[in-house]
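For reference, the structure discussed in these notes is given below.
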Amino acid sequence: MQQLASGDSGGTIKLWDVEDGQELRTLQAPGSPIGSLAFSPDGVFLVSGNVEGNTDIKLWDVESGRDLRTISGHRGNVYNLVFGPDGTLLASSSGDLTVRFWDVESGQGVRTLRGHRDYVYGLAMSPDGALLASASADGAIKLWDVESGREFGTLDSHNEYIFHIAFSPDGSLLASSVRRGDAIVLWGVPR
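Numbering (my numbering) for the sequence shown: 137 to 327.
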């Protein structure tokens, strides 16, 4: 069964059956609006990030709906979450101008990436898990080597906030959209 997750301003997360549109389960993370959600590649876990007040990341068991773990470390809103291809690594972006890697099993921080000059909104992991792209209100997209945490390159031709980015299925292209939403830019990914 394919599922969809939605979050609201009151901290409620709903899981939906994509095929018939039926609500499957409600998860409650009270107090803060849900700003980001991501399923693990195998669909076993869901992570949620909050905006406005609570900067924690929650790890949920999809089958039972249990809150398994709280992951803390950001000092600003959590804007995006993305799992690595094997589901053991989680990346998060924040209003504290950082990108962080987390070990999913322990909930411990693995690495903090710094380099953006404004809020970090967009995140995308390459299909092979080797590169992470981060997009910011500073108008730049940074490419990071996942294993070392080193900045691999910067794509910097936007003059405004970049909210969303995504890799092509083969990892050779990266798409980005800006705040106005009137253009999508395709970038060749250097290797």
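Every residue gets a Cβ at the ideal spot worked out from N, C-alpha and C, and that includes glycine. Since this is a predicted model, take the numbers as computed values, not measurements.
CB residue i to CB residue j, shorter than 8 angstroms?
i: K194; j: A165; result: yes
i: H300; j: G258; result: yes
i: R330; j: G245; result: Residue 330 falls outside the range modelled here, since the chain spans only 137 to 327, and no answer is possible.
i: G212; j: T191; result: yes
i: A269; j: A276; result: no
i: F181; j: A141; result: no
i: G143; j: S184; result: yes
i: F288; j: L267; result: yes
Determine the burial state of residue i: buried for a count of at least 16 other Cβ atoms within 10 Å of its Cβ, exposed for fewer.
i: T234; result: buried
i: S304; result: exposed
i: N295; result: exposed
i: R327; result: exposed
i: V214; result: buried
i: R205; result: buried
i: S308; result: exposed
i: G189; result: exposed
i: D274; result: buried
i: S242; result: exposed
i: S145; result: exposed
i: L225; result: buried
i: G220; result: buried
i: L322; result: exposed
My guess is that residue i and residue j are in contact by the Cβ rule of under 8 angstroms, so how many angstroms apart are they, rounded?
i: I298; j: A271; result: 4 angstroms
i: V256; j: S284; result: Not a contact, Cβ separation roughly 19 angstroms.
i: D153; j: Q139; result: 7 angstroms
Query - the stretch 159-169 in contact with the stretch 199-206 per 3-pair CB rule at 8 angstroms - result: In short, these stretches touch, since the Cβ pair count reaches three.
Report task. State whether the stretch 275-284 contacts the stretch 244-256, with contact taken as three or more CB pairs (one from each stretch) at a distance under 8 angstroms. Result -> Contact between the stretch 275-284 and the stretch 244-256 is present, because at least three Cβ pairs lie under 8 angstroms.
**Report entry** Every unbroken beta strand (DSSP E) inside the stretch 250-301 [3 residues or more]
**Finding:** 256-261, 267-272, 277-281, 287-291, all fully within the stretch 250-301.
Report task. Can you check the stretch 153-181 for any beta strand (DSSP E) of at least 3 residues that lies completely inside it and give the ranges in chain order? Result -> If we require 3 residues or more, the beta strand (DSSP E) runs fully inside the stretch 153-181 come out as 159-164, 170-175.
**Report entry** Unbroken stretches of the beta strand (DSSP E), 3 residues or longer, contained in the stretch 210-238
**Finding:** The beta strand (DSSP E) runs lying completely inside the stretch 210-238 and spanning 3 residues or more are 214-219, 225-230, given in chain order.
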